[in-house]
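Residue numbers (this note's numbering): 306 to 623.
Yeah, the Cβ is synthetic: ideal placement off N, Cα and C, and Gly gets one too.
A quick write-up on the structure given underneath.
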């Protein structure tokens with residue numbers, strides 16, 4: 306039986322949970338988990354651990370927390386642990402050359418796009434926002450560039466017509482975990498054939514700032530609907546109603562000729578709410594008004610004094 310290499314796992318967000326669980330279930334020799342320090346989170350800003358720390362503790366794994374894997378303190382710990390392989394999933398930190406080239410089996414990354422498309426921090430969001438018909442997962446051997454290493458294995462999937470960022474994120478996390486184990490098995494058998502990325506085809510998926518979610522109702526209705534899906538459930542697309550922020554979690558585009566000013570509300574007899582855009586309407590389905598809980602549009606309309614003909618704002622009240 307081929308001996309599995311001693312493996313250090315690095316990650317932060319919920320995307321990294323599924324690969325960790327699958328490695329643990331496969332009895333992979335995990336020598337530790339690296340994740341950022343606990344930070345203030347949520348509305349109350351209470352200090353909370355990253356999701357990966359909580360999962361690793363439950364599995365009885367050693368947890369190392371650092372906000373910079375290039376620090377001498379961490380590199381000393383890394384030398385002590387001496388992993389033969391490093392696996393990275395949604396970690397959010399650049400690895401120094403000493404980590405990338407140090408382990409005998411190198412560093413492997415799970416990236417939720419079909420590289421070289423959508424290198425960077427937010428590939429799932431941008432694939433939806435840009436209207437891509439398909440995406441996928443890439444398992445790659447890391448180099449010192451940003452998501453530019455050799456491709457070990459890829460799997461493609463169709464993006465659902467109404468699929469949100471959250472839904473696609475969870476689906477790709479499961480796909481990535483399965484594909485990772487498949488890749489590792491092939492590596493152990495020496496039956497994998499890395500291929501270089503065509504850097505001329507690279508596109509990028511930069512970090513999404515919260516301000517990016519502000520809806521411009523002058524845009525194409527399909528583009529607005531994709532923005533809503535691509536930012537749901539977080540950081541979330543939003544507009545303003547009576548000076549209060551209104552987060553929008555889901556909505557459907559209807560291309561049609563309109564005469565109303567973009568941003569104009571139309572409340573229908575079936576208690577639905579549609580908003581005029583450049584070339585049609587966006588019918589809103591689920592929202593959260595500032596200071597309130599998330600709810601369906603029917604409940605929102607029953608508790609809010611809105612009338613057809615009102616115009617949604619692009620800034621809060623002063």
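Using only the alpha-carbon positions, how far apart do residue i and residue j sit?
i	j	result
residue 670	residue 547	Because the chain in this structure spans residues 306 to 623, residue 670 falls outside the shown range and cannot be described.
residue 563	residue 611	20 Å
residue 573	residue 579	8 Å
residue 313	residue 343	20 Å
residue 500	residue 455	5 Å
residue 468	residue 582	21 Å
residue 370	residue 333	21 Å
residue 497	residue 410	13 Å
residue 380	residue 387	10 Å
residue 620	residue 460	42 Å
residue 382	residue 505	38 Å
Who are the near neighbours of residue i in its chain, counting only those whose CB is closer than 7 Å to its CB and skipping five residues on each side?
i	result
residue 444	413, 415, 457, 458, 484, 485 and 488
residue 346	353
residue 432	418, 423, 440 and 464
residue 491	497
Looking only at its own chain, which residues have a Cβ that is under 6 Å from the Cβ of residue i, when we skip the five neighbours before and after it?
i	result
residue 533	542, 553 and 556
residue 605	592
residue 473	429
DSSP puts residue i in a beta bridge; with which residues?
i	result
residue 346	351
residue 591	555 and 601
residue 362	Answer is none; residue 362 lacks a bridge partner.
residue 329	For residue 329, which the question treats as bridged, DSSP gives no partner whatsoever.
residue 445	414 and 456
residue 550	545
residue 585	560
For the alpha helix (DSSP H) that contains residue i, what are its first and last residues?
i	result
residue 459	First-last for residue 459: 456-463, but that is the beta strand (DSSP E), not the alpha helix (DSSP H).
residue 701	Beyond the ends of the chain as shown, which are 306 and 623, falls residue 701; an answer cannot be given.
residue 313	Per DSSP, residue 313 belongs to no alpha helix (DSSP H); it is in the beta strand (DSSP E), 312-316.
residue 369	Residue 369 -> not in any alpha helix (DSSP H); beta strand (DSSP E) instead, spanning 368-370.
For the beta strand (DSSP E) holding residue i, just list the boundary residues, first then last.
i	result
residue 488	Run containing residue 488: none in the beta strand (DSSP E); it sits in the alpha helix (DSSP H), 470-493.
residue 340	335-340
residue 394	390-394
Taking the Cβ atom as the reference point for each residue, do residue i and residue j lie within a distance shorter than 8 Å?
i	j	result
residue 439	residue 462	yes
residue 522	residue 617	yes
residue 525	residue 584	yes
residue 395	residue 321	yes
residue 374	residue 340	no
Short of 8 Å in beta carbon distance, which residues of its chain neighbour residue i, apart from the five on each side in sequence? Order them along the chain.
i	result
residue 493	307 and 309
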